[in-house]
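This report refers to the structure that appears directly beneath it.
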Amino acid sequence: MDQIDLEHYLAVGAILFAIGLYMSLAKRNFIGVLIGIEMMFNAANLTFLAFSRFVESSDPLSGHVFAIFVITVAAAEAAVALAIAVLVYRLRDTVNVDELDLLRG
Amino acid sequence: MDDTGTVVAFWLLAAMTIGAAVGVAAVRNLIHAVGLLIVTFAGLAGLYVTLSADFLAVVQVLIYIGAIAILIIFAIVLTPRGSRDNADGFMMFPALGLAGLVAAGMIYAAFDTEWAIADRDGFEETTSVIGDALLDKYVLPFEIASVLLLMAVLGAIILVRPEGPDEGSD
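Residue numbers (this note's numbering), protein chains in the order written: chain G, 54 to 158; chain L, 367 to 536.
Now the structure itself:
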């Protein structure tokens with residue numbers, strides 16, 4: 054408990070990822086699902102930065118560059134997905150993913 | 367990473383991050399969930415500081431708290447009826463089991479693996495090194511990311527534009 058190592062950060066990232074996974078699978082609200090996905094992106098970023106800080110490498114800041122690209126993709130994803138949420142609400146009057154079953158065979 | 371301040375900061379920030387994340391999944395009102403999500407993002411920014419990732423901590427605050435959380439709040443207030451509910455669907459218990467399995471598996475792998483730990487202190491400052499890497503080794507992904515952001519902005523605008531010709535043109 055008196056020293057913080059790589060494993061502690063990985064454990065925090067794993068728990069955060071699991072919470073995000075739970076939200077994206079279990080939430081009934083489209084926006085709740087998106088919040089879960091954002092949380093998983095954040096867990097991945099924390100893991101990238103932890104490896105970048107602790108693990109032996111000739112180019113230790115690569116993890117930071119990867120995290121920047123993850124943030125970029127997450128921002129693009131959030132913009133498009135929330136636009137889709139607003140559009141779906143306008144067309145179907147709901148954002149409940151259990152009721153959005155137009156593609157069901 | 368032995369000094370007491372960093373250790374205390376890590377445990378406090380980790381507790382804050384995970385506690386707020388559990389709250390995001392548990393509270394019933396989506397607006398409250400977004401408030402707790404902001405606490406989660408802030409805790410993560412603090413964890414980035416303990417990892418000596420100063421630039422990423424600032425980016426975390428700017429992009430996630432400043433942009434994405436606000437965007438989610440906008441999406442919530444633009445979808446008024448029934449959209450404030452943060453309830454769980456019928457997949458709640460399978461999802462809980464799967465998430466528990468994933469967390470247990472990853473934590474076991476993290477503690478079981480022999481990582482090639484480097485014997486060095488935290489980075490002095492990361493911003494200029496990241497800038498050099500982005501415009502040197504990673505210049506192609508950097509340019510592709512700019513195209514991706516442009517497409518995302520255009521796509522979002524086109525998706526939510528009002529239907530019909532000439533609507534809103536005057």
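Every residue gets a Cβ at the ideal spot worked out from N, C-alpha and C, and that includes glycine.
Residue i, buried or exposed, once every other Cβ within 10 Å from all chains shown has been counted against 16
i, result
"L/Gly497", "exposed"
"L/Asp536", "At L/Asp536 the pLDDT is 48, less than 50, meaning the model places this residue with poor confidence; the figure from the coordinates comes in the next sentence. It counts as exposed."
"L/Leu378", "exposed"
"L/Arg527", "exposed"
"G/Lys80", "buried"
"L/Val513", "exposed"
"G/Ser105", "buried"
"L/Tyr474", "exposed"
"L/Thr370", "exposed"
"L/Thr362", "In the structure as shown, chain L begins at 367 and stops at 536. Residue 362 of chain L is therefore absent and cannot be evaluated."
Chain-ordered neighbours of residue i on chain G, where CB pairs are closer than 7 Å
i, result
"L/Ile436", "Within chain G, no residue comes near L/Ile436; the closest Cβ sits about 10 Å away, beyond 7 Å."
DSSP beta-bridge partners of residue i
i, result
"L/Lys503", "Looking at the DSSP assignment, L/Lys503 forms no beta bridge with any residue, so it has no partner."
"L/Val415", "DSSP, once it has assigned bridges, lists no residue as partnering L/Val415."
"G/Asn98", "According to DSSP, G/Asn98 bridges with nothing at all."
"L/Asp454", "G/Lys80"
"G/Val108", "L/Ile483"
Partner residues on chain G for residue i, Cβ-Cβ distance less than 8 Å
i, result
"L/Ser418", "Arg106"
Test item: CB-CB of residue i and residue j under 9 Å
i, j, result
"G/Leu87", "G/Leu155", "no"
"G/Val148", "G/Phe94", "no"
"L/Ala484", "G/Val118", "no"
"L/Ala470", "G/Tyr75", "no"
Amino acids of chain L, ordered along the chain, whose beta-carbon sits closer than 8 Å to that of residue i
i, result
"G/Arg81", "Asp451, Ala453, Asp454 and Gly455"
"G/Val133", "Ala518, Gly521, Ala522 and Leu525"
CB contact below 9 Å: residue i versus chain C
i, result
"G/Leu63", "Note that chain C does not occur in the displayed structure, where the protein chains are G and L."
Interface partners of residue i on chain L, CB under 9 Å
i, result
"G/Asp154", "Going along chain L, no residue has its Cβ under 9 Å from G/Asp154, so there is no contact; the nearest lies around 12 Å."
Proximal chain G residues relative to residue i, where beta-carbon distance stays under 9 Å
i, result
"L/Leu396", "Asn82, Ile84, Gly85 and Ile88"
**Message:** Does the contact criterion of 3 or more C-beta pairs under 8 Å hold for the region 436–452 of chain L versus the region 416–427 of chain L?
**Reply:** At 8 Å Cβ cutoff, the stretches do not touch.
**Request:** Check whether the region 91–104 of chain G touches the region 119–134 of chain G, counting contact only when three or more Cβ pairs, one atom from each stretch, lie closer than 8 Å.
**Result:** The answer is yes - the region 119–134 of chain G touches the region 91–104 of chain G, with three or more Cβ pairs under 8 Å.
**Prompt:** Would the region 477–485 of chain L and the region 380–396 of chain L be scored as touching if the rule is three or more Cβ pairs under 8 Å?
**Reply:** Under the Cβ criterion (8 Å, minimum of three pairs), the region 477–485 of chain L does not count as touching the region 380–396 of chain L.
**Request:** Pair every Cβ in the region 431–441 of chain L with every Cβ in the region 129–145 of chain G, then say whether three or more of these pairs are closer than 8 Å.
**Result:** Three or more beta-carbon pairs drawn from the region 431–441 of chain L and the region 129–145 of chain G are found closer than 8 Å, and the two stretches are therefore classed as touching.
**Asked** When the Cβ atoms of the region 64–72 of chain G are set against those of the region 455–462 of chain L, are three or more pairs found closer than 8 Å?
**Response** Segments in contact, no.
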